[in-house]
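2 protein chains.
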Amino acid sequence: MTDTLTLMHTRNRRYHHGDLRAALLTRAEDTLREKGPTALSLRELARDLGVSHAAPSRHFKDKQALLDALALTGFERLTAVLGASQEGVGEAFAKRLDAMVRAYVGFARDNAELLDLMYSIKHDPGASDALREAEQRWSDLVVRLIGEGQAQGEVRQGPMERVGLPVFAALHGYADLAVTGMLPPEVDEHGLDDVIAFMLRGSAPA
Amino acid sequence: MTDTLTLMHTRNRRYHHGDLRAALLTRAEDTLREKGPTALSLRELARDLGVSHAAPSRHFKDKQALLDALALTGFERLTAVLGASQEGVGEAFAKRLDAMVRAYVGFARDNAELLDLMYSIKHDPGASDALREAEQRWSDLVVRLIGEGQAQGEVRQGPMERVGLPVFAALHGYADLAVTGMLPPEVDEHGLDDVIAFMLRGSAPA
DNA sequence: CCGCCAATGTAGGCGGCGCCAACAATGCTG
DNA sequence: CAGCATTGTTGGCGCCGCCTACATTGGCGG
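Chains as they are written, first to last, in UniProt numbering: chain A, 1 to 206; chain B, 1 to 206.
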């Protein structure tokens, strides 16, 4: 057999998988999305990938380490999505806020279980530094947005934690409500418009 | 309410526990608070209560049923706390909102893991009717608050889901941020003031 | 070029888990 | 006070995460 190219994905039961670590993460995210976090088991993951039940331990020291790695990819993708949302939307604070909020809620919808995992892990005091940094990077995007709004006179003055925190709370809360299915579908669509307008009123200059 | 009260709490290793169901719930909430949701195991619960590992199944058909029952008590207590917060605070919307928000966040702080459980369970489509009703009862308190504010002319007009939803999102989001420890302690104290003021601006009449 | 070694995967076992079935003690009720 | 539903016990099944010992592989320095 020609094992020169793309031997990574042949199902030939080679002794070495090729990129088991990445395969585990991908498969774990699929299972997380389809069957929920409690259904995630290292042994089942290993079975799905045609590998022995102890193989994953070569790449993740325990189950939590895999979940941490999964959350890390989530933060990175979220940061990318939020960053992209700011491109080509102009300078007006209202537009920029609108774009970012919709991007965040969109990500939350598309990655509900993953987002849940991301938050539940950050809560843990033993979270890794990389995780903390990734979370810092994306929250910086919100901070910067508010800061720019202040500089333009479109957002009330004041320290960031006083001005930005309520906006962030509403954003986070709405995304969580939408994601956990607490909003009837028809409320959900227009609800976001109302939340954004609410944010603008609440953060407008005095 | 008759006699048997005396026997309920003797540790005499009687064959029948007396009120194993309530004891399981109480103990489960303690371990939930102290060691987190993943550490909750029916067998350990049974051991703690000095009972065999299969005894809990006589009262809860499976682990999820126990978690559901636990969440139900949580919703009932939350409703009671929010209701009590409205007593003796006068009629002004700002005062009533302030009291309810602080009561909610206080409950969230005191019962962080339980609240988490409550939300994660409601998400599940198989949640029981009793659970749905309990959740309905407390969200009605928020709805009524907003409705009264509208009647007094202190809250902008409009359908409830358009006016109340953003307020609720901010409340829920802030409580979650506070509970998961995402807020530095010094931000936390005054942060709530800022969020309440933000809510009032956002929901003030046009 | 090749032998050695670190990296990666396998095989098996340990204790704990949730759940189930069969059996035992209890106490309510007719 | 006898019978029976309720409540608790014992044991077992198949999972799980994690550990240790062993097997295979590929890359690197002599």
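Note that beta-carbon positions come from the ideal geometry of N, C-alpha and C, so glycine has one too. Note that this is a predicted model, so its numbers are computed, not measured.
Next item on the list: On a CA-only basis, which of Pro56/A, Leu66/A, Arg21/A is nearest Pro37/A? Give me that one, please.
Entry: Residue mapping note: residue 37/A aligns to position 37 of the first sequence, counting from 1. Answer by Cα proximity: Leu66/A.
Item checked: Glu148/B versus Glu87/A - alpha carbon distance -> Taking the second sequence and counting its residues from 1, one reaches residue 148/B at position 148. Taking the first sequence and counting its residues from 1, one reaches residue 87/A at position 87. Rounded to the nearest angstrom, the two C-alpha atoms are 42 Å apart.
Margin query: Against chain A, with Cβ distances strictly below 8 Å, would Glu91/B count as a contact?
Written below: For this step, residue 91/B is matched to residue 91 along the second sequence. No, Glu91/B lies away from the interface with chain A (no Cβ there is under 8 Å from its Cβ).
Notebook entry, point to check: Nearest chain B C-beta to Asp176/A closer than 8 Å, yes or no?
Noted result: The residue labelled residue 176/A in the question sits at position 176 within the first sequence. By this cut-off, Asp176/A is an interface position.
Note to self: Please list, in chain order, the chain B residues whose beta carbon lies closer than 9 Å to that of Thr180/A.
What the structure shows: Locating residue 180/A in the first sequence gives position 180, counting from the first residue. Under the 9 Å cutoff, chain B gives Tyr119, Ser120, Lys122, His123.
Next item on the list: If I'm right that Arg113/A touches Lys122/A with Cβ under 8 Å, what's the distance once you round it to whole angstroms?
Entry: Locating residue 113/A in the first sequence gives position 113, where the first residue counts as 1. Locating residue 122/A in the first sequence gives position 122, where the first residue counts as 1. The sequence shown places Glu at residue 113/A, not Arg. About 15 Å; that fails the 8 Å criterion.
Check: In whole angstroms, what is the alpha-carbon distance linking Phe60/B and Thr26/A?
Finding: As a first step, residue 60/B must be located in the second sequence, where it is residue number 60. As a first step, residue 26/A must be located in the first sequence, where it is residue number 26. If I take the Cα positions, the gap works out to 36 Å.
Margin query: If contacts are defined as beta-carbon pairs under 8 Å, then Ala175/B and Tyr104/B qualify, I think. What distance do you get, rounded to the angstrom?
Written below: Position 175 of the second sequence, counted from the start, is the residue given in the question as residue 175/B. Position 104 of the second sequence, counted from the start, is the residue given in the question as residue 104/B. Indeed they touch by this definition, with Cβ atoms about 6 Å apart.
Note to self: Can you check whether the C-beta of Val81/B is within less than 8 Å of a C-beta belonging to chain A?
What the structure shows: The residue given as residue 81/B occupies position 81 in the second sequence. For Val81/B, the answer is no, since every Cβ of chain A falls outside 8 Å of its Cβ.
Check: In chain A, what lies closer than 7 Å to His172/B by C-beta?
Finding: As a first step, residue 172/B must be located in the second sequence, where it is residue number 172. Here the neighbours are Gly173, Asp176, Leu177.
Margin query: Judging by CA-CA distance, which residue of Gly164/A, Ala39/A, Asp193/A is the nearest neighbour of Leu141/A?
Written below: On the first sequence, residue 141/A is found 141 positions in, with the first residue counted as 1. Taking only the C-alpha atoms, the option nearest Leu141/A is Gly164/A.
Item checked: DSSP state of Thr6/A mapped onto helix, strand, coil -> By one-based count along the first sequence, residue 6/A stands at place 6. Because the pLDDT at Thr6/A is just 36, under 50, the model does not fix this residue reliably, and the value given afterwards should be weighed accordingly. The answer is coil: DSSP assigns Thr6/A none of H, G, I, E or B.
Check: Is Asp62/A helix, strand or coil when you go by DSSP?
Finding: Here residue 62/A refers to the residue found at position 62 when the first sequence is read from its first residue. Coil.
Check: So, are the CB atoms of Phe198/A and Gly202/B less than 8 Å apart?
Finding: Mapped onto the first sequence, residue 198/A falls at position 198. Mapped onto the second sequence, residue 202/B falls at position 202. Yes, Cβ-Cβ distance for Phe198/A and Gly202/B is below 8 Å.
Note to self: Just checking Lys122/A against the ligand COA - is the residue's beta carbon closer than 7 Å to any of the ligand's heavy atoms?
What the structure shows: Inclusion of the ligand COA in the displayed structure is not the case, the ligand content being empty and no account of it being possible.
Margin query: Taking the straight line between their C-alpha atoms, what separation do you get for Thr4/B and Glu161/B?
Written below: Numbered from 1 along the second sequence, position 4 holds the residue referred to as residue 4/B. Numbered from 1 along the second sequence, position 161 holds the residue referred to as residue 161/B. Any reading at Thr4/B must be qualified, since the residue scores a pLDDT of 36, below 50, and its modelled position is unreliable; the value itself is stated next. Distance between Thr4/B and Glu161/B, taken at the CA atoms: about 49 Å.
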